[in-house]
Each structure stands twice: as C-alpha cells, then as structure tokens.
Amino acid sequence: MRGEELARLAEELGLDAVGAAAAGPYEETERHIRERRARGLFADMRFTMARPEVSCHPETLLAGGRTVVSAALCYWGDGEEPPPGHGRLPRYTWWDAYAALRERLAELGRRLGGAYRVLVDANQHVDREAAARSGVGFYGKNTMLITRRFGSWVVLGTLVTTAELEPTPPLDADCGSCTLCIDACPTDALDEPGMLDATRCLSYWTQSSEPFPEEYREALGDRVYGCDICQDVCPWNRGVEKRRAGEAPPPGAEPHVSLVDWLDADDEDLASRYDRLFVPLNDPRYLRRNALVALGNAGGDAAPAQRYASSGDPLLREHAEWALARLGEHA
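Residue numbers 346 to 676, in our numbering, belong to the letters of the sequence shown in order.
If you want it as structure tokens, here you go:
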C-alpha cells in the first residue's frame with residue numbers, strides 16, 4: 346500500500362495523522378534511553394524506559410511483523426478556566442482519547458489484512474520514535490512529538506502488522522531557534538533542549554509516590570495532575586485553537602475538578618473515577634496530596650486542609666500543614 350492510500354484510509358477512520366516505517370530496531374533511541382537512565386534523568390519512572398531491549402525493538406513484537414504504522418489523534422478541545430476552589434487537569438486527561446485511538450487502530454489493522462498488534466499507551470513500545478521515523482511528527486525541544494497540523498496536542502499509538510506498506514518520509518520540520526518551552530518551564534526541567542529532567546518536572550511529581558518537593562509546590566499552581574505549560578507556549582500548537590475553535594470536548598470531559606470533592610470523596614469512589622490516570626499503586630492519597638498543594642496555591646475552603654492537618658497519614662498531614670500556611674499568606 347502506498348502512502349496516499351494509507352492516508353485516505355486513516356482519514357476515513359478518523360485518525361489525524363498516520364505514517365509507516367519498516368519494522369526494525371531503534372538503536373539510537375535505545376542508546377539514549379540507557380544513557381539518560383544512567384544519568385538519573387528518569388528518576389524512578391519506568392514505562393518504556395524500563396526495558397529498552399523490548400520497547401526499542403518493534404520487530405520482536407509480532408511474529409512476521411513487517412511494518413510499523415504510527416498514528417496520532419488530536420485530543421484538543423475548548424475548556425473553561427478553573428473556577429475558584431477547582432484544580433486544573435492537563436488536556437490529555439479530559440477524556441480517554443487513548444481508547445478511541447485504540448479502536449481506530451484495530452480497525453485499521455483489520456482493513457490492512459494479515460496479522461497485527463495494536464500498542465497504545467503501552468510500555469512495550471516507544472511510540473514517539475515510530476511517529477518520528479514515519480513522518481507523523483518530529484521531536485520538539487520539550488521532548489514532545491509535534492505534528493504539523495495539530496502540534497503536540499495528540500495521543501500516539503502504533504500498529505505492528507504483517508502487511509507490507511510503503512514507508513513514509515520523516516517530516517522536514519523542527520523547532521528552529523525557538524526556546525519558548527525551555528524558558529517557560531518554572532522548574533527548569535528542560536535545561537537541555539530535547540531532554541527532560543524528571544526530577545524537576547511538575548508532571549512527574551504529581552505522579553510520584555514521594556512527597557511533593559517543597560521548592561516546587563508554588564510552581565504547581567492550581568494543577569492537580571500533570572502539566573501543560575511547555576505545550577501551552579509552543580508556536581506549533583497555536584493553529585489547533587483556530588482549527589478546533591468552538592469544538593467542545595466529548596460529554597463527561599473534565600477540564601478541572603473540585604478540590605473539596607477530591608479531599609472529601611470516598612477512597613474507592615475517587616480511585617475508580619480517575620482510573621484513567623497513572624496513580625502510584627492506584628492509591629487516591631496521592632491525588633489528595635496534589636489537591637492539598639493546589640488548594641494552598643489557588644485558595645478556597647480551608648476546612649479539608651484543617652482536617653488533614655490532624656491526619657494519621659504523615660504524607661497528607663505535612664502537605665495539609667503547608668497548604669494552611671500558604672492559605673494564611675493569601676488572607
């Protein structure tokens with residue numbers, strides 16, 4: 346199948362960008378992962394970095410696999426700013442775009458014929474490398490995969506198939522001399538262009554099982570999970586707002602959440618409602634930790650923080666005490 350045919354089929358299935366590359370090892374990516382892991386830049390993150398001997402070898406993921414098809418689905422949608430007492434969620438969590446992408450890639454695999462394997466948000470494969478090789482996008486200085494039409498506001502997925510497709514060329518595009526993402530990061534996590542230091546990344550700390558570093562708490566602002574700062578300032582992302590202007594996220598999407606709700610909700614209920622998020626050990630106490638930091642920064646009802654300040658949980662007690670002290674500064 347030629348690239349033009351693949352593009353038409355992808356458009357029919359609702360995929361926003363697609364490309365193909367021969368199934369083969371990602372030798373340079375594997376080397377980079379090992380080097381950065383040795384430098385401690387991944388902190389304790391595992392994901393695709395845990396086993397590069399697997400995630401950088403798509404040729405081993407499907408018997409007889411000949412082609413790696415990479416696809417992107419834009420998740421951007423208009424959303425209101427968080428009202429008082431609410432915490433901000435990153436755009437990719439507003440709705441489960443991964444589920445939609447998984448279904449569409451499976452249908453693409455069926456249409457192409459032969460055996461196939463779908464990998465979406467999976468630790469067994471480095472989706473960004475497949476996307477860069479096949480021209481779906483390029484690596485930005487913020488380490489995100491940037492597509493030509495939708496910037497980095499996309500989720501990525503991969504289809505490994507026994508079907509033979511014509512490779513599509515890499516994009517002839519890059520960040521040029523722009524350093525807006527590097528300059529905007531409040532914790533200097535992007536000091537080296539194209540390289541993220543997870544130990545200084547707000548998004549990483551919202552997903553960590555450790556206490557949120559006190560020196561980064563004010564920088565978190567009203568965020569309760571993840572961080573979109575480096576995407577918000579990226580020039581490649583600005584056109585999406587015009588192309589998707591007025592397009593609301595799907596029903597049930599959550600641009601923001603009630604901080605009091607996160608702090609008062611039953612553990613089981615909170616964990617089940619946000620099972621789409623990566624939370625250490627699926628323990629909602631880490632969501633509450635984030636909510637306490639956001640409460641201290643954004644202001645709001647101090648009662649939940651006062652309650653947690655006398656908690657038997659040392660993690661939540663310490664963050665509640667910090668939040669109350671911060672709220673006192675707002676008074």
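Positions of the beta carbon are idealized from the N, C-alpha and C atoms, including for glycine.
Among D628, Q552, Q576, L637, whose alpha-carbon lies nearest the alpha-carbon of V605?
The shortest Cα separation from V605 among D628, Q552, Q576, L637 belongs to L637.
The stretch 630–645 in contact with the stretch 467–484 per 3-pair CB rule at 8 angstroms:
With fewer than three CB-CB distances shorter than 8 angstroms, the stretch 630–645 does not count as touching the stretch 467–484.
Roughly how far, in whole angstroms, is the beta-carbon of A477 from the beta-carbon of P435, given that I think they are within contact range, below 8 angstroms?
That belief does not hold up - the Cβ atoms of A477 and P435 are roughly 22 angstroms apart, past 8 angstroms.
Compute the distance between the beta-carbons of G644 and W667, then report whether it is under 9 angstroms.
The Cβ atoms of G644 and W667 do not sit closer than 9 angstroms to each other.
Residues sharing a beta bridge with L669, DSSP
Beta-bridge analysis with DSSP links L669 to no other residue.
Judging by CA-CA distance, which residue of V578, D628, W550 is the nearest neighbour of L571?
Sequence check: residue 571 is Gly here, not Leu. For the residues V578, D628, W550, the minimum Cα distance to G571 belongs to W550.
Beta strand (DSSP E) segment containing S617, residue limits
Premise fails: S617 lies in the alpha helix (DSSP H), 612–618, not in any beta strand (DSSP E).
Alpha carbon of C526 to alpha carbon of D519, nearest angstrom
The alpha-carbon atoms of C526 and D519 are separated by roughly 14 angstroms.
Own chain, CB closer than 8 angstroms to V499, minus 5 neighbours either side, in chain order
D361, A362, A417, L418, C419, Y420, G482, L490, T492.
Nearest-angstrom Cα separation, counted from M346 out to P580:
P580 and M346: Cα-Cα distance of roughly 34 angstroms.
Between the stretch 361–377 and the stretch 401–409, do at least 3 Cβ pairs fall closer than 8 angstroms?
Touching, per the Cβ criterion.
Quick one: residues in its chain with C-beta nearer than 8 angstroms to the C-beta of T374, no 5 flanking neighbours on either side, listed in chain order?
Result list for T374: P397, C401, V471, E474, in chain order.
State the Cα-Cα distance for the pair F387 and T524, rounded to the nearest angstrom.
Their backbone Cα atoms lie some 22 angstroms apart in a straight line.
Tell me, which residues are paired with S400 by DSSP?
Paired residues: none, contrary to the question.
Quick one: give me the first and last residue of the beta strand (DSSP E) that R568 is part of.
Per DSSP, R568 lies in no beta strand (DSSP E) and is assigned neither H nor E.
Find out if the Cβ-Cβ distance for the pair L541, P531 is shorter than 9 angstroms.
For L541 and P531, no; Cβs fall outside 9 angstroms.
Under 7 angstroms Cβ to Cβ from R545, same chain only, skipping five residues before and after it: list those, please.
Taking C-beta separations shorter than 7 angstroms and ignoring five residues to either side along the sequence, the partners of R545 in its chain run T532, D533, A534, following chain order.
Sorted by chain position, which residues of the same chain lie with C-beta nearer than 7 angstroms to G359's C-beta, five sequence neighbours on each side aside?
Contacts found: R449.
CA nearest to the CA of G480, picked from D441, G364, Y443, P538:
If we check each option's Cα against that of G480, G364 comes out closest.
Exposed or buried, what is K587 when buried is set at 16 or more other beta-carbons lying within 10 Å of its beta-carbon?
With a threshold of 16 other beta carbon atoms within 10 Å, K587 falls short and is exposed.
Excluding the five sequence neighbours on either side, which residues of its own chain have a C-beta within less than 8 angstroms of the C-beta of E298, listed in chain order?
The structure shown does not extend to residue 298, since the chain is modelled only from 346 to 676, so the question has no answer here.
Below 8 angstroms CB to CB, which residues in the same chain sit around L661 once its five sequence neighbours on both sides are set aside?
So the list reads R630, R633, R634, L637, Y653, once near-sequence residues are dropped.
Pick from R618, Q651, E674, D517: whose alpha carbon is nearest that of E563?
E674 is the residue among R618, Q651, E674, D517 whose C-alpha sits nearest the C-alpha of E563.
Proximity to G496 [Cα-Cα], best of D611, Q576, D612:
Closest by alpha carbon: Q576.
Return the first residue and the last residue of the alpha helix (DSSP H) that S603 is part of.
That residue, S603, is in no alpha helix (DSSP H); its beta strand (DSSP E) goes 601–603.
Taking the alpha-carbon positions, what's the P595 to W440 distance?
For the pair P595 and W440, the Cα-to-Cα distance works out to about 7 angstroms.
On the criterion of 16 or more Cβ atoms from any shown chain inside 10 Å, does D573 qualify as buried, or is it exposed?
If you draw a 10 Å sphere on the C-beta of D573, you find 16 or more other C-beta atoms in it, and that means buried.
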